[in-house]
Amino acid sequence: MHPYRFGLGKDMWKIIAWSIPIGAAAGAITAVFGHMLLFITKIRDSAPMHFLPFLALAGAAMVWAYETWGGESKEGMGLVFSVGHGEKQRIPTRLIPLIMVSTWLTHLFGGSAGREGVAVQIGAAVSNRMSRNNSEAGAARIYLMVGMAAGFAGLFQTPLAAAAFAVEVLLVGRLAVGALLPALTASFAAYGVSSFLRLEKFTVEILELPDISPAMWGKLLLLGILFGMTGTFFAWLLSLAKKRAVQWIPHPVKRIFFFGIVLTVCLMVLGKGRYCGLGTNLISASFSGEEILSYDWIIKLLLTVFTLAIGFQGGEVTPLFSMGASLGVALSGFFGMPVAFTAALGYATVFGSATNTIFAPILIGCEVFGFSMAPFFLVVCLMAHLFSPFASIYGRQKRLKWKEQWKGLFSGEDL
């Protein structure tokens with residue numbers, strides 16, 4: 019079965035049918051994970067200085083657990099991409115408790131990290147396990163994308179963006195359109211379950227839009243370049259920092275412990291915990307009129323790179339949202355554009371450029387901020403994609419050459 023082609027034979031109908039329980043299971047697990055993460059965040063935010071001194075110890079404990087029991091699980095998103103490319107076959111089920119507990123510890127003790135990677139890994143592991151005895155030849159990749167979409171949708175509750183993310187992120191420049199219907203089915207199943215379990219969804223209605231004019235479109239193109247370069251810089255710096263950290267301290271437990279001490283000092287000195295955790299405080303401030311400092315985005319960027327490069331668990335996407343939103347606030351005055359409008363553009367576009375995706379950031383922007391923003395997201399995200407041609411936060415992501423990307427985006431050719 020070819021994941022890049024349309025077609026609804028009996029095998030595809032079977033996959034769509036299995037997408038419902040896969041999505042429901044992933045939605046339930048990610049809802050539990052999300053509720054606990056929100057609870058932990060509230061506890062830490064009440065007294066961040068009480069938790070930060072223990073960050074290095076927590077990091078050493080989680081890495082030791084991964085080294086002792088994790089096996090291939092310690093590859094994280096790299097393992098998900100390896101399975102997606104057919105290089106490996108299985109995702110250990112033990113990945114689910116390991117990644118959940120490790121991420122909770124990262125956030126409880128103040129690490130600057132996200133949650134998207136966790137949700138996608140959970141969904142992929144659930145799908146890989148549930149489809150193991152039901153996977154026809156060639157369908158394994160579709161099932162993986164089904165799980166990735168379900169995990170993303172269950173946590174962020176943006177089913178359209180989740181399905182788009184799953185079918186475009188493995189291979190840049192080619193949509194796995196054959197997996198779109200199963201991915202959408204799983205996304206809406208996960209979304210329904212997590213909504214039923216009352217996991218909160220972040221939405222903001224953008225009421226003030228700029229006047230349409232040639233000058234405004236020119237500003238949007240320039241914003242796309244700036245946001246695209248920001249996402250690319252984050253991805254490039256994260257890759258470089260991971261390599262350097264391993265070179266300087268090869269032993270993973272020692273690496274996270276000693277660098278964790280340095281990270282603790284940085285988080286204490288820089289903002290007294292302002293840059294801990296997901297960065298949702300910066301996102302809320304960006305859209306509520308609270309103070310956003312002109313350098314918030316770069317400090318959050320550097321500390322997130324530091325946190326993830328030395329081995330703490332989590333993800334990159336929510337911090338990318340916070341970087342993009344706070345950068346948008348900082349740029350809004352310079353461009354003479356509404357603050358919330360520019361922050362919304364940054365929120366979606368920096369994420370898209372760092373992940374080398376086009377449709378996912380456009381759709382997540384629309385699902386969070388309203389479909390009236392669709393033309394603006396389309397222009398800015400496309401421009402950002404042009405200026406993020408190389409780096410990606412996913413080291414094992416594969417990409418077609420530029421000519422192949424634009425010539426065969428919807429063709430049936432595989433990698």
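Residue numbers (our numbering): 19 to 433. The C-beta atom is built at its ideal place from N, Cα and C for all residues, glycine as well.
For this session: Answer with yes or no whether the minimum CB distance from residue 283 to chain B is below 9 Å.
Result: The chain labelled as chain B is not found in the depicted structure, where only one protein chain is given.
For this session: Please work out which residues of its chain come closer than 8 Å, Cβ to Cβ, to residue 405, disregarding the five sequence neighbours upstream and downstream, and give them in chain order.
Result: 242, 243, 246, 247, 250 and 371
For this session: Using beta-carbon positions only, say whether residue 314 and residue 350 come within less than 9 Å of one another.
Result: no
Exercise. From residue 116 to residue 332, what distance separates their C-alpha atoms?
Worked result: 11 Å
Exercise. So, residue 201 versus residue 164, is the Cβ gap smaller than 9 Å?
Worked result: yes
Problem set entry | N-terminal and C-terminal residue of the alpha helix (DSSP H) that residue 146 is part of | 134-148
Exercise. Taking DSSP as the reference, what is the three-state secondary structure of residue 287?
Worked result: helix
For this session: Could you check the C-alpha separation between residue 428 and residue 378 for me, to the nearest Å?
Result: Since pLDDT at residue 428 reaches only 47, below the 50 mark, its modelled position is unreliable, and no value is offered.
Exercise. How about residue 95 and residue 365: are their beta carbons less than 9 Å apart?
Worked result: no
For this session: May I ask you to report which of helix, strand or coil DSSP gives residue 222?
Result: In the three-state reduction of the DSSP assignment, residue 222 falls in the coil class.
Exercise. Where residue 87 and residue 346 are concerned, what is the direct C-alpha to C-alpha distance, given to the nearest angstrom?
Worked result: 42 Å
Exercise. Which residue's Cα is closest to the Cα of residue 276: 114, 78, 380 and 212?
Worked result: The shortest Cα separation from residue 276 among 114, 78, 380 and 212 belongs to 78.
Exercise. Is the stretch 61-78 touching the stretch 106-113, taking contact as three or more C-beta pairs under 8 Å?
Worked result: No, the stretch 61-78 does not touch the stretch 106-113.
For this session: Closer than 8 Å by C-beta to residue 289: which residues in its own chain qualify, once you throw out the five before and the five after it? Chain order, please.
Result: 317
Exercise. Going by other Cβ atoms of all chains shown within 10 Å of its Cβ, with 16 needed for buried, is residue 367 buried or exposed?
Worked result: buried
For this session: Mind checking who residue 416 pairs with in its DSSP beta bridge?
Result: Note: residue 416 is bridge-paired with 189 in the DSSP secondary-structure output.
Problem set entry | Close beta carbons around residue 374, own chain, < 6 Å, minus the five adjacent residues each side | Excluding sequence neighbours, residue 374 sits near 190 and 410.
Exercise. Between which two residues does the alpha helix (DSSP H) harbouring residue 314 extend?
Worked result: 314-327
Exercise. Which residues in the same chain have their Cβ closer than 6 Å to the Cβ of residue 37, if we skip the five residues on either side of it in sequence?
Worked result: 164, 200, 203 and 204
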